[in-house]
Amino acid sequence: MTRPTAIRRLWVGLAAAVLLAAGCSVPEDSRPRALDFSQLPDDLVATTEPPEPTPLVTQEVLIYLIDENNLLSAVARDVASPARPTTVLEALFSAPNESESEQALSTVLPADAEVVSVDIDRANDLVTVALESEVFEERLEGENRQLAVAQLVFTATETTGTARFSLLLNGNPVPLPTDNGESDVPVTRDGFRSVDPDYQPEPTPEPIPIETPTPTQIPTPTPPPETPTPTATPTAVVTPTPEPGPTLPPGLPPDFTLDFS
Numbered sequence: 001m002t003r004p005t006a007i008r009r010l011w012v013g014l015a016a017a018v019l020l021a022a023g024c025s026v027p028e029d030s031r032p033r034a035l036d037f038s039q040l041p042d043d044l045v046a047t048t049e050p051p052e053p054t055p056l057v058t059q060e061v062l063i064y065l066i067d068e069n070n071l072l073s074a075v076a077r078d079v080a081s082p083a084r085p086t087t088v089l090e091a092l093f094s095a096p097n098e099s100e101s102e103q104a105l106s107t108v109l110p111a112d113a114e115v116v117s118v119d120i121d122r123a124n125d126l127v128t129v130a131l132e133s134e135v136f137e138e139r140l141e142g143e144n145r146q147l148a149v150a151q152l153v154f155t156a157t158e159t160t161g162t163a164r165f166s167l168l169l170n171g172n173p174v175p176l177p178t179d180n181g182e183s184d185v186p187v188t189r190d191g192f193r194s195v196d197p198d199y200q201p202e203p204t205p206e207p208i209p210i211e212t213p214t215p216t217q218i219p220t221p222t223p224p225p226e227t228p229t230p231t232a233t234p235t236a237v238v239t240p241t242p243e244p245g246p247t248l249p250p251g252l253p254p255d256f257t258l259d260f261s
């Protein structure tokens with residue numbers, strides 16, 4: 001092969017390479033432009049849609065709010081399922097929703113309270129709620145304090161199925177106000193009958209009338225007729241007339257006696 005022939009073949013190969021590269025390159029635009037997805041190849045178009053969010057599964061629970069007469073009122077709320085006791089009590093501390101407000105329902109529990117734990121002791125039928133709050137004791141006094149505790153007692157015992165309730169506030173046990181005064185031991189719903197709308201006092205039994213026997217009237221016996229006492233006829237006493245003695249002649253002395261012997 002002569003040198004001119006080799007050089008000519010080299011130039012032909014270079015030209016072919018340049019043409020091939022020009023055919024495979026993507027032209028650049030001078031400015032951004034919207035793409036027409038209908039003109040894209042099928043392998044460049046997304047075939048999947050973003051997944052729909054998973055719907056939240058809820059469960060209806062009962063919490064206790066306060067009505068306009070300062071009595072407890074059971075209200076249904078939806079919380080995330082499964083409904084844990086802490087979740088239910090957290091719902092209790094949230095403000096009443098629009099529907100509840102229209103029914104004049106409210107709460108006296110402070111919104112800053114944090115539910116730390118809910119401990120259930122089945123052996124002793126007891127639920128202990130632990131709260132953290134800086135204003136619980138300061139804001140809740142008198143009647144409001146008893147109402148707040150009643151809300152906790154009824155909601156906690158409702159959701160846990162226990163009968164007795166105790167409270168830890170900031171890590172310390174606190175006495176609970178009841179209808180019968182402060183209690184240092186666990187309480188039950190019976191201690192809050194004054195705010196329980198379902199409490200029906202037992203009717204006072206009517207006294208059984210005692211029939212007093214009518215005394216039998218004993219007739220007074222009629223006394224027998226009186227037998228008239230016979231009147232004694234007085235017996236006339238006949239005084240015997242003395243027989244006349246001998247007549248003395250007049251003129252005798254007074255001491256004159258007759259001797260008839």
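Under this note's numbering, the residue at position 211 of the sequence shown is numbered 211, and the numbers go up by one with no gaps.
All residues carry an ideal CB built from backbone N, CA and C; glycine is no exception.
Range covered by the alpha helix (DSSP H) that runs through residue i
i      : result
Gly142 : 142–160
Glu137 : 136–139
Ser99  : 98–102
Cβ neighbours of residue i in the same chain (closer than 6 Å, five flanking residues each side left out)
i      : result
Thr54  : none
Leu89  : Val115
Val187 : Phe165, Leu176, Thr178
Asp119 : Thr128
Pro197 : Leu71
Separation of residue j from residue i, as counted between CA atoms
i      : j      : result
Asp121 : Thr212 : 57 Å
Glu102 : Ile208 : 49 Å
Phe280 : Pro173 : Outside the displayed span of the chain (1 to 261) sits residue 280, for which this structure offers no information.
Ser266 : Pro215 : Because the chain in this structure spans residues 1 to 261, residue 266 falls outside the shown range and cannot be described.
Glu182 : Val149 : 12 Å
Glu138 : Pro177 : 15 Å
Val129 : Pro51  : 40 Å
Ala83  : Asn97  : 19 Å
Arg193 : Ile218 : 57 Å
Glu206 : Arg189 : 28 Å
Val135 : Asp125 : 29 Å
Val185 : Ile210 : 44 Å
Glu202 : Ser117 : 37 Å
Thr220 : Glu226 : 17 Å
Pro85  : Tyr199 : 25 Å
Gln59  : Glu100 : 18 Å
Ala123 : Thr204 : 35 Å
Opening and closing residue of the beta strand (DSSP E) in which residue i lies
i      : result
Thr266 : This structure cannot speak to residue 266, because the chain is shown only from 1 to 261.
Phe165 : 164–169
Pro85  : Per DSSP, Pro85 belongs to no beta strand (DSSP E); it is in the alpha helix (DSSP H), 85–93.
Ser183 : 181–183
Ala76  : 72–80
Leu176 : 176–178
Tyr64  : 58–66
Asp121 : 114–121
Close beta carbons around residue i, own chain, < 7 Å, minus the five adjacent residues each side
i      : result
Asn180 : Gly191
Glu158 : Leu62
Thr222 : none
Own chain residues within Cβ distance below 8 Å of residue i, not counting five before or after
i      : result
Ala91  : Val61, Ile63, Arg77, Val79
Val57  : Ala80, Ser81
Ser133 : Pro110, Asp112, Ala113, Glu114, Leu169, Asn170
Beta-carbon separation (whole angstroms), residue i vs residue j, contact threshold 8 Å
i      : j      : result
Ala104 : Glu68  : 4 Å
Leu140 : Glu114 : No, Leu140 and Glu114 are not in contact; Cβ-Cβ is about 16 Å, not under 8 Å.
Val195 : Leu71  : 5 Å
Thr87  : Val127 : Thr87 to Val127, Cβ: 15 Å. No contact.
Distance cut-off 7 Å: residue i Cβ against heavy atoms of the ligand COA
i      : result
Glu158 : By its list of ligands, the structure shown contains no ligand whatsoever, and the ligand COA lies outside what it can speak to.
(message) Taking 8 Å as the cut-off, does the region 95–112 touch the region 145–153 (at least 3 CB pairs, one atom from each stretch)?
(response) As far as the Cβ criterion goes, the region 145–153 touches the region 95–112, which means the pair count is three or higher.
(message) Check whether the region 148–155 and the region 164–184 are in contact - that is, three or more C-beta pairs closer than 8 Å.
(response) Segments in contact, yes.
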